[in-house]
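To keep things clear, I will list the structure first and then write my remarks on it.
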Amino acid sequence: MPSPLRLCVRRSPASGGSGAATLVTLRLPSEVECIEEAVELVTRHCLAGHDAPHKTRFRLQVVLSEALSNAIMRGNREDRGKWVHIRAELGPEIIQLVVTDEGSGFDPAAVPEPIRPEQLDEANGRGLYLIRKLVDEVSFNEQGNSICMTLRRP
Amino acid sequence: MSFSQTKDASGVAVLQVEGQLIVGNRQELKELVQAALDQGERRLLIDFSRTGYIDSSGLGALVSISKKIREAGGELRLSGLNEDLRSLFELTKLDTLFAIAETPQQALASF
Numbered sequence: 003m004p005s006p007l008r009l010c011v012r013r014s015p016a017s018g019g020s021g022a023a024t025l026v027t028l029r030l031p032s033e034v035e036c037i038e039e040a041v042e043l044v045t046r047h048c049l050a051g052h053d054a055p056h057k058t059r060f061r062l063q064v065v066l067s068e069a070l071s072n073a074i075m076r077g078n079r080e081d082r083g084k085w086v087h088i089r090a091e092l093g094p095e096i097i098q099l100v101v102t103d104e105g106s107g108f109d110p111a112a113v114p115e116p117i118r119p120e121q122l123d124e125a126n127g128r129g130l131y132l133i134r135k136l137v138d139e140v141s142f143n144e145q146g147n148s149i150c151m152t153l154r155r156p
Numbered sequence: 003m004s005f006s007q008t009k010d011a012s013g014v015a016v017l018q019v020e021g022q023l024i025v026g027n028r029q030e031l032k033e034l035v036q037a038a039l040d041q042g043e044r045r046l047l048i049d050f051s052r053t054g055y056i057d058s059s060g061l062g063a064l065v066s067i068s069k070k071i072r073e074a075g076g077e078l079r080l081s082g083l084n085e086d087l088r089s090l091f092e093l094t095k096l097d098t099l100f101a102i103a104e105t106p107q108q109a110l111a112s113f
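Those sequence lines, one after another, are chains D and P. Following our numbering, the numbering of the first sequence begins with 3 at its first residue and continues without gaps. Following our numbering, the numbering of the second sequence begins with 3 at its first residue and continues without gaps.
Here's what the structure looks like:
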């Protein structure tokens, strides 16, 4: 069966004019079974041509998996008629990943910290916390259906 | 990504996570553990020596599994976490919830 993922890669002038950047876009259906393949594809492009330490690869894999999982399950509520869009801008110094779903969005400020003792036994609620801990910058669009994660290359 | 299950000579059920433990396969691990409990297993080890990465759904599944095993009067140990995987448990304070050994051998000896 052909992969339902749609990948596009192009080289473009970096924003700010500090050298060439690669823009990678990927569209995937709202199916959790697609997450692992999408993570591997995007991670491979993010690190191509860079001698990245294992830690960078690991962080990319985890935060991408988290963002896609949130987009598919909470954003699109696994509606197979909706898509998740990844846009990765890969510059010489930073990796910027934007994951957007087609849901109505959420308020990231309303998500509680999951590390209080009474929260430890909870099965859910660690995704956004992990993303914040593993990347250098996180921001959301106003609607709350698009997360932008920035990692500085070591 | 897959799981394998063996039984140690001392009778401990050993589950190995090969690849990732993420939202797409966490249910499979939960079902494997439930089946082991149903078969009477009460000492379980989950080993991550061959694991790539874990997401928060995978961590959440481990929390649920730990609760189930406790409720059944059993014991759970984790082993084989490399530095990156261990950092996920430390960041989320889950290292305080689980009994974590460096190697499967050390985990088995601790039952």
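Where is the CB? At the ideal position from N, CA and C, for every residue including glycine.
Can you find a CB in chain P that lies within less than 9 Å of the CB of Gly-77 of chain D? no
Uninterrupted beta strand (DSSP E) stretches inside the region 36-82 of chain P (no shorter than 3 residues): 45-49, 53-56, 77-81
What would DSSP say about Phe-91 of chain P, mapped onto helix, strand or coil? helix
C-beta contact flag for Leu-39 of chain P and Ala-74 of chain P at 9 Å: yes
Taking Ala-90 of chain D as the reference, which of D:Ser-5, D:Gly-107, D:Pro-6, D:Ile-149 has the closest Cα? D:Ile-149
Please confirm if Ile-56 of chain P has its CB atom under 9 Å from at least one CB of chain D. yes
Does the beta-carbon of Pro-106 of chain P have 16 or more other beta-carbons within 10 angstroms, so that it is buried, or is it exposed? buried
Establish whether the CB of Ala-73 of chain D and some CB of chain P are separated by less than 9 Å. no
Does Gly-26 of chain P pass the burial test, meaning 16 or more other C-beta atoms within 10 Å, or should it be called exposed? buried
Where Leu-49 of chain D and Ser-106 of chain D are concerned, what is the direct C-alpha to C-alpha distance, given to the nearest angstrom? 32 Å
Flag this pair as yes or no: are the beta carbons of Asp-86 of chain P and Phe-60 of chain D separated by less than 9 Å? yes
Quick check: the region 121-132 of chain D against the region 3-18 of chain P, are at least 3 beta-carbon pairs closer than 8 Å? no
Bridge-paired residues (DSSP) for Met-151 of chain D: D:Leu-99, D:Val-140
Measuring alpha carbon to alpha carbon, tell me which residue in P:Ala-101, P:Ile-67, P:Gly-82 is nearest Ala-37 of chain P. P:Ile-67
Please return the same chain residues whose Cβ sits closer than 6 Å to the Cβ of Glu-92 of chain P, not counting the five positions on each side in sequence. none
At a CB distance below 9 Å, what residues from the region 23-53 of chain P approach chain D? Give them in sequence order. Ile-24, Val-25, Gly-26, Asn-27
Starting from His-56 of chain D and walking both ways along the alpha helix (DSSP H), at which residues does that stretch end? 56-71
Contact residues within the region 107-120 of chain D, judged by C-beta distance below 7 Å to chain P: Pro-116, Ile-117
Note down, in chain order, every chain D residue with its Cβ under 7 Å from the Cβ of Leu-93 of chain P. Leu-132, Lys-135
When burial is assigned at 16 or more other CB atoms within 10 Å of the CB, is Val-113 of chain D buried or exposed? exposed
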